[in-house]
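A.B. asks: Could you have a look at this structure, given as structure tokens, before my questions?
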Amino acid sequence: MKKSVLGLVLALFAVCAAGIGAYAEEQQSTVFLMGRVERLLYGSERTGGLIERLNGVEKEMFGRELPGSIAERQNALLNFIEKGAPEQPSVLFKLAVAEWAVGQKINSLSPAVRRVEALEVDLEGTPQVDRPVSMRLERILSLLLSDTVTMQDAEVPAGTVVRGALSKTLSPRTAKKGDLVDITLESDLAVGTNLVAPRGSRMQATVTEVTKPRSFGRPAEVKISVEKLFPLGPEEIFLTVGENTKKATEAESAQMAAAGTSVVGAILLGPIGLAGGFLVRGDLKEIPEGAVVFAETADIVRVSAYPVPLGLQGMLKKEEPKPEEKKAPDSK
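Just so we're aligned: the sequence shown equals residues -24 to -1, 1 to 308 in mature numbering (1 follows the signal peptide of the UniProt record, and there is no 0).
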């Protein structure tokens, strides 16, 4: 079992190494690439010499050091972790599928190694720290799923609404223009039975304007622009504010009002005009974690998705689009 899994992992790494051009074209420094690999896996950069750090990552991932130049090895690692190949999805793709299968939600804001450990604890009670990480992930998938994890293209229509929630409290007192704001997807984004982005997937917003609290009761203001969604695959889905966003926000607001929900229990961030972003204004000293925000896909986009097997399709928790009212045909 151990040799066969390691062989599969190294075969995937070879496939990824053959397609390093996409990253190489960016001409990023080896120091930057090493830091990116470590942030994806561990959440922060490690200290020490570059070669020592690269050797340590390969041993932890595969159980041994791999051949090639520093640049080739780093680019292949990034492809292996983030991009993958049609016949073998990336580590992040497979990891998200495993998390979704266990809890119908992914931990997109946590580093990959910590996510693998959490899955092992959920499934077996203890992390398998004596094995390479890539083998541990393959073992998790074999315990969970009968079929091999694959990916295929899916087309997400323009204007598809997504619902997210702030992952951390946002304060007008400390927010600065240009700050990145993490938002997590509240429902699975799927096209038919192709899972594009599971619940918990990361959405990125940027603070575009901040007005600090002022005297004479004048309120603080924070404007944010929701820019993109990171799906299962390596692509990015660009987001905007449009008519569908406005309708979804109004419907949610009406539902909250009907339920008697107070602003203490739930905050809804409303759009300030089409393509204008979102404005938080008023007497609130901070915008709490969990505040709801809507956005929509800017254009039609083709992405890599997980074709959910028949036995798992009941787990999809989609935001079903509400059908528009149809006009009755003219009577003659």
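Every residue gets a Cβ at the ideal spot worked out from N, C-alpha and C, and that includes glycine.
Based on Cα-Cα distance, which residue from Leu161, Ser147 and Ala166 lies nearest to Ile200?
C.D. replies: Residue numbering aside, residue 200 sits at position 224 when the sequence shown is read from its first letter. That would be Ser147, whose Cα lies nearest to the Cα of Ile200.
A.B. asks: Cβ atoms of Val198 and Ala271: under 8 Å apart, would you say?
C.D. replies: Residue numbering aside, residue 271 sits at position 295 when the sequence shown is read from its first letter. Residue numbering aside, residue 198 sits at position 222 when the sequence shown is read from its first letter. Against a cut-off of 8 Å, the Cβ pair of Val198 and Ala271 comes out as no contact.
A.B. asks: Residues bridged to Glu185 by DSSP?
C.D. replies: Within the sequence shown, numbered from 1, the residue matching residue 185 stands at position 209. BP columns for Glu185 point to Lys199.
A.B. asks: Go to Ser84, then tell me how far its beta strand (DSSP E) extends in each direction, as first and last residue.
C.D. replies: In the sequence shown, residue 84 corresponds to position 108, counting from 1. Where Ser84 is concerned, there is no enclosing beta strand (DSSP E), given that its DSSP letter is neither H nor E.
A.B. asks: Starting from Arg139, follow its DSSP beta bridges and name the residues at the other end.
C.D. replies: The residue given as residue 139 occupies position 163 in the sequence shown. Arg139 pairs with Phe270.
A.B. asks: From the DSSP output, read off the bridge partner residues of Pro283.
C.D. replies: To locate residue 283, count along the sequence shown from 1; it is residue 307. Pro283 pairs with Asn170.
A.B. asks: With burial defined as no fewer than 16 other Cβ atoms inside 10 Å of the residue's Cβ, what is the status of Ile159: buried or exposed?
C.D. replies: As a position in the sequence shown, residue 159 is number 183, starting the count at 1. Looking at its Cβ environment, which holds 16 or more other Cβ atoms inside 10 Å, Ile159 is buried.
A.B. asks: In whole angstroms, what is the alpha-carbon distance linking Pro174 and Asp98?
C.D. replies: Here the question's residue 174 lines up with position 198 in the sequence shown. Here the question's residue 98 lines up with position 122 in the sequence shown. Rounded to whole angstroms, Pro174 to Asp98 spans 19 Å at the Cα level.
A.B. asks: Which value, in whole angstroms, describes the spacing of the CA atoms of Leu156 and Ile27?
C.D. replies: As a working note, residue 156 is residue 180 in the sequence shown. As a working note, residue 27 is residue 51 in the sequence shown. In a straight line, the C-alpha of Leu156 is about 31 Å away from that of Ile27.
A.B. asks: Taking the CB atoms as reference points, tell me whether Lys70 and Val13 lie closer together than 8 Å.
C.D. replies: What you label residue 70 is simply residue 94 of the sequence shown in a count that begins at 1. What you label residue 13 is simply residue 37 of the sequence shown in a count that begins at 1. Result no, Cβ atoms of Lys70 and Val13 do not sit closer than 8 Å.
A.B. asks: For Ser66 and Glu58, which I take to be in contact (beta-carbon distance under 8 Å), what is that distance rounded to the nearest angstrom?
C.D. replies: Within the sequence shown, numbered from 1, the residue matching residue 66 stands at position 90. Within the sequence shown, numbered from 1, the residue matching residue 58 stands at position 82. Confirmed, Cβ separation roughly 5 Å.
A.B. asks: For Met291, is the classification buried or exposed, using 16 other Cβ atoms within 10 angstroms of its Cβ as the cut-off for buried?
C.D. replies: Here residue 291 refers to the residue found at position 315 when the sequence shown is read from its first residue. Classification of Met291: exposed, given that the 10 Å Cβ count is below 16.
A.B. asks: How big is the Cα-Cα spacing for Arg49 and Asn55?
C.D. replies: On the sequence shown, position 73 is the one that residue 49 refers to. On the sequence shown, position 79 is the one that residue 55 refers to. Their backbone Cα atoms lie some 10 Å apart in a straight line.
A.B. asks: Using a Cβ-Cβ cut-off of 6 Å (strictly less than) and excluding sequence neighbours within five positions of Ala134, which residues of its own chain qualify?
C.D. replies: For the purposes of this step, residue 134 is taken as the residue at position 158 of the sequence shown. So the list reads Thr273, Asp275 and Ile276, once near-sequence residues are dropped.
A.B. asks: For Met111, does the three-state DSSP call read helix, strand or coil?
C.D. replies: For the purposes of this step, residue 111 is taken as residue 135 along the sequence shown, with counting starting at 1. The answer is helix: DSSP assigns Met111 an H, G or I state.
A.B. asks: What is the residue span of the alpha helix (DSSP H) that Val7 lies within?
C.D. replies: By 1-based counting over the sequence shown, the position of residue 7 is 31. That run of the alpha helix (DSSP H) goes Thr6 to Tyr18.
A.B. asks: Tell me, please, which residues DSSP counts as bridged to Arg40.
C.D. replies: The residue given as residue 40 occupies position 64 in the sequence shown. BP columns for Arg40 are empty, so no partner.
A.B. asks: Would you report the Cα separation of Arg112 and Lys35, rounded to the nearest angstrom?
C.D. replies: Position 136 of the sequence shown holds residue 112. Position 59 of the sequence shown holds residue 35. Computed Cα separation, rounded: 13 Å.
A.B. asks: Regarding Gly101 and the ligand FAD, is the C-beta to nearest heavy atom distance less than 7 Å?
C.D. replies: You won't find the ligand FAD in this model; it holds no ligand whatsoever.
A.B. asks: Consult DSSP for Asp155 and reduce its assignment to one of helix, strand or coil.
C.D. replies: Locating residue 155 in the sequence shown gives position 179, counting from the first residue. When secondary structure is reduced to three states using DSSP, Asp155 falls in the coil class, being assigned neither helix nor strand.
A.B. asks: Helix, strand or coil: which one does DSSP assign to Leu288?
C.D. replies: For this step, residue 288 is matched to residue 312 along the sequence shown. Looking at Leu288 - three-state DSSP - the assignment turns out to be helix.
A.B. asks: How about Ser84 and Ser177: are their beta carbons less than 8 Å apart?
C.D. replies: Taking the first residue of the sequence shown as 1, we reach residue 84 at position 108. Taking the first residue of the sequence shown as 1, we reach residue 177 at position 201. Closer than 8 Å, so yes.
A.B. asks: Short of 8 Å in beta carbon distance, which residues of its chain neighbour Thr182, apart from the five on each side in sequence? Order them along the chain.
C.D. replies: Along the sequence shown, one-based indexing puts residue 182 at 206. Counting only Cβ-Cβ distances below 8 Å, and skipping sequence neighbours, we find Gly154, Asp155, Leu156, Val157, Ile200, Ser201 and Glu203.
A.B. asks: Can you tell me where the beta strand (DSSP E) holding Ala130 begins and where it ends?
C.D. replies: Residue numbering aside, residue 130 sits at position 154 when the sequence shown is read from its first letter. Counting along the chain, the beta strand (DSSP E) containing Ala130 begins and ends at Gln128 to Val132.
A.B. asks: Are any of the Cβ atoms in chain D nearer than 8 Å to that of Leu286?
C.D. replies: Among the protein chains of the structure shown there is no chain D, as only one such chain exists.
A.B. asks: With a 10 Å radius around its C-beta and 16 neighbouring C-beta atoms as the bar for buried, classify Tyr(-2) as buried or exposed.
C.D. replies: Counting from one through the sequence shown, the residue named residue -2 turns up at place 23. Because the pLDDT of Tyr(-2) is 41, which lies under 50, any placement of that residue in the model is unreliable, and the question is left without a value.
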